[in-house]
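Going by the UniProt record's numbering, the sequence shown opens with residue 1, and the numbers climb by one from there. All C-beta atoms, glycine included, are put in the ideal place defined by N, C-alpha and C. Quick caveat, the model's predicted, so the values are computed rather than measured. In what follows, a single structure is set out as structure tokens and then discussed.
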Amino acid sequence: MSDSWNTDTGEAVYRSRDAVKNLMIKVRLERVTSTAALSQHLQQQVLSQQDSGDIEMETLNSQGFTGDNEEELVIGWQEKLFSQYEMELFQNEAACQTPLDRQYHTEVTALNKTKGRRNRRIFTYTDHDRYTNCLPFHQLHCTDLLTTNKSAPSFLAERMASVRHRRQERRTMDSNIPKSKIVNFEPTEEFLRSSHVVNNAMQTMHIMGDLGSAGRLGQTENECLLLTIKTDGNGVLIVKPDFNDGKEPYRILTDGEKKDVWRLTVENISTAMKSEDKEREQNMYKDLYVRHKEYLNSLVGQDFEMPPAGILRYLMNGEIVSAKGFEYDNLYIHFFMELPNNWSSLPFQSHSGVTQTCRTKTLGKDNVAFFSYPFSFEAFYMSEKESEDTVLQWPVLYFKVLSLDTWQRYRTEGYGYLLFPAMPGKHTVTCHTWRPLQTGTVSALRRFFIGGSPELEDHSYVRIPGTFKGERLSRFGFCTETTGSVTFNLHCIQQSRAFVDATMLKKRRQQVFDQLGGFSQQGAVCSILEAFQRARRKMQDARESLPRDLINTTSHHQIESSA
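Here's what the structure looks like:
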């Protein structure tokens with residue numbers, strides 16, 4: 001009997017590109033008791049004395065203990081091996097409730113008519129078995145494998161053990177709506193602690209062992225979890241405990257009166273791929289990747305989608321991040337875009353939007369409402385021949401912050417605007433807001449009790465309206481109140497054919513300068529061009545300073561000489 005045991009019963013993670021259906025595991029379960037050890041010891045002594053003419057003790061032959069004390073099976077992935085309890089359960093057709101149970105009834109009936117099942121103590125629970133989801137937690141994770149350092153399962157592990165079973169219980173029979181609340185607006189600490197689970201889509205298989213005595217097989221209290229195998233669709237394989245691979249076997253101690261000791265050995269005997277098959281598979285993967293890359297290139301194309309000549313394309317992907325500093329709760333934002341002259345957009349482009357209603361959260365001294373509302377806008381600018389003093393006008397985003405409480409009281413919290421950035425890239429902009437203020441007690445009481453407040457008839461009045469044709473806009477006598485601020489995240493892209501052509505011309509000029517001999521030749525050529533420009537300007541100045549009669553006489557002589 002072995003005195004050394006493998007005490008490392010933790011799980012091992014493997015990664016494989018091979019299909020999990022090719023996994024083959026050899027499980028060996030052997031009883032290590034005093035009776036079995038004495039039988040083996042006496043048999044060895046008897047066999048050693050056969051040559052001397054002694055009588056062999058047939059009654060102590062270990063063949064009588066092989067079927068009960070030792071079993072070795074080769075099990076494939078999701079291979080179903082029935083236990084004695086399942087054989088007795090599925091024999092009765094009345095106990096079958098699901099299509100899987102009826103399928104097991106057919107298989108059990110076929111096994112009873114033939115030579116029977118090939119296993120005795122070792123059996124399996126596959127991913128589709130109801131026992132895989134409904135087994136007690138101690139039976140799934142406390143496998144009675146003795147280790148030197150016993151560790152209690154964490155709270156998260158306990159919750160994960162029953163997460164799949166809990167999801168099945170939430171399904172109602174008469175409708176698809178779960179009885180529990182989908183969104184909990186006021187979660188407690190206990191709710192957060194109990195709901196902190198991770199539910200990944202994984203397939204599970206359990207290899208079990210019936211450790212009861214020879215006459216008590218089929219009792220659920222004698223079932224023990226020997227091995228757990230989990231896998232996902234990404235080639236990750238989790239085995240608990242790990243394969244022995246030449247290490248000492250695992251030790252299992254039963255809880256009965258006899259305290260039987262069992263020896264467990266787990267080996268991976270999956271057939272390795274041949275070198276020719278492995279090379280063929282790698283070539284197939286390379287061919288598949290190349291075809292997929294060509295397919296993606298065909299969808300994207302080789303060239304950028306360029307706007308027509310003389311048109312600037314402006315694309316902005318924005319996000320309304322948060323709003324803070326406003327008086328009331330349950331905020332939402334209404335916004336729209338205004339395009340100046342020479343700007344246009346696509347016909348299906350939306351120019352306005354409304355965020356969701358967001359409840360504020362106290363952070364420090366401010367009440368902050370986090371919207372995280374994304375929006376996108378695309379516009380085109382058609383350049384015209386204008387003077388150098390003309391300034392390019394960019395589109396403007398006007399927004400209005402409002403509040404709406406449970407009594408349907410509607411209030412205007414603030415107005416603001418955002419000018420589209422002139423430079424491409426990422427920008428984080430915070431816009432401060434204000435709202436019209438009507439003096440007097442009646443207006444304040446109306447706003448508090450029934451809602452309602454002064455509003456702007458034209459939202460562009462927040463800035464200088466585009467329809468204003470005067471020189472100076474006067475707001476004398478208009479009362480406002482500073483309210484809060486709204487934060488935006490903007491990702492801007494500008495695209496123009498003229499910009500690309502200028503870039504290509506610059507690269508071409510650099511190539512010519514490099515062919516002339518580097519930066520020294522480049523400086524020499526530039527100095528020659530500058531000297532030529534200075535000489536030309538001097539000649540023009542000298543020609544303008546000459547009298548008109550002399551210029552006309554000189555040109556007349558040149559015409560005669562040419563004739």
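| Asked | Found |
| --- | --- |
| Residues near G10 in its chain [Cβ-Cβ closer than 8 Å; skip 5 each side] | K240, P241 and D242 |
| When Y295, S345 and H334 are compared against I311, the one with the closest alpha-carbon | S345 |
| Buried/exposed call for W407, threshold 16 Cβ in 10 Å | exposed |
| Residue from P307, L339, P436 and G452 with nearest C-alpha to T480 | P436 |
| Cβ shell of D18 (< 6 Å), same chain only, five flanking positions each side left out | none |
| A110 - containing alpha helix (DSSP H), residue span | P99 to K113 |
| Where the alpha helix (DSSP H) through N489 begins and ends | Not the alpha helix (DSSP H): N489 falls in the beta strand (DSSP E), residues T480 to S496. |
| Residues bridged to G209 (per DSSP) | I122 and C224 |
| Contact the stretch 259 to 275 vs the stretch 446 to 459: 3+ CB pairs below 8 Å | no |
| Three-way DSSP call (helix, strand, coil) for Y289 in this model | helix |
| Length of the line joining the Cα atoms of L253 and K247 | 19 Å |
| Where T441 sits in the DSSP three-state scheme | helix |
| Segment limits, beta strand (DSSP E) that includes E319 | I311 to K324 |
| Candidates D255, Q302, Q203 and G209: closest to D68 by CA position | G209 |
| Neighbour-count burial assignment, M290, 16 or more Cβ in a 10 Å radius | First, the amino acid is wrong: residue 290 is Val here, not Met. Exposed: under 16 other Cβ atoms inside 10 Å. |
| Segment limits, beta strand (DSSP E) that includes E30 | M24 to V32 |
| Alpha-carbon to alpha-carbon, Q97 and Q168 | Confidence in Q168 is poor, its pLDDT being 43 and thus under 50, which makes the residue's placement unreliable; the coordinate value appears in the next sentence. Their Cα atoms are separated by approximately 16 Å. |
| N- and C-terminal bounds of the beta strand (DSSP E) containing L253 | Y250 to L253 |
| Bridge partner(s) assigned by DSSP for V354 | H334 |
| Per-residue burial, Y295 [other beta carbons within 10 Å of its own, 16 or more giving buried] | exposed |
| Sequence-distant residues of the same chain with beta carbon closer than 8 Å to D245, five excluded per side | E267 and N268 |
| The stretch 474 to 488 touching the stretch 320 to 328, judged by at least three CB pairs closer than 8 Å | yes |
| Nearest to H427 (by Cα), restricted to the options N317, V354 and I75 | N317 |
| The alpha helix (DSSP H) enclosing M87, as first and last residue numbers | Q84 to L89 |
| Rounded straight-line distance, which links the Cα of T355 to that of R446 | 26 Å |
| Cβ neighbour criterion (16 or more within 10 Å) applied to A12 | exposed |
| Reduced DSSP secondary structure (H/G/I, E/B, other) of I528 | helix |
| DSSP-derived helix/strand/coil call for F448 | helix |
| Any 3 or more C-beta pairs closer than 8 Å across the stretch 297 to 304 and the stretch 370 to 381 | no |
| Buried or exposed by the 16-neighbour rule on C-beta atoms within 10 Å, applied to A502 | Any reading at A502 must be qualified, since the residue scores a pLDDT of 47, below 50, and its modelled position is unreliable; no value is offered. |
| For L473, three-class secondary structure by DSSP | coil |
| The beta strand (DSSP E) enclosing F370, as first and last residue numbers | D366 to M382 |
| Buried versus exposed, by CB contacts within 10 Å (16 or more), E223 | buried |
| Cβ-Cβ distance between R411 and G440 below 8 Å | no |
| Cα-Cα separation between N184 and F476, rounded to whole angstroms | 49 Å |
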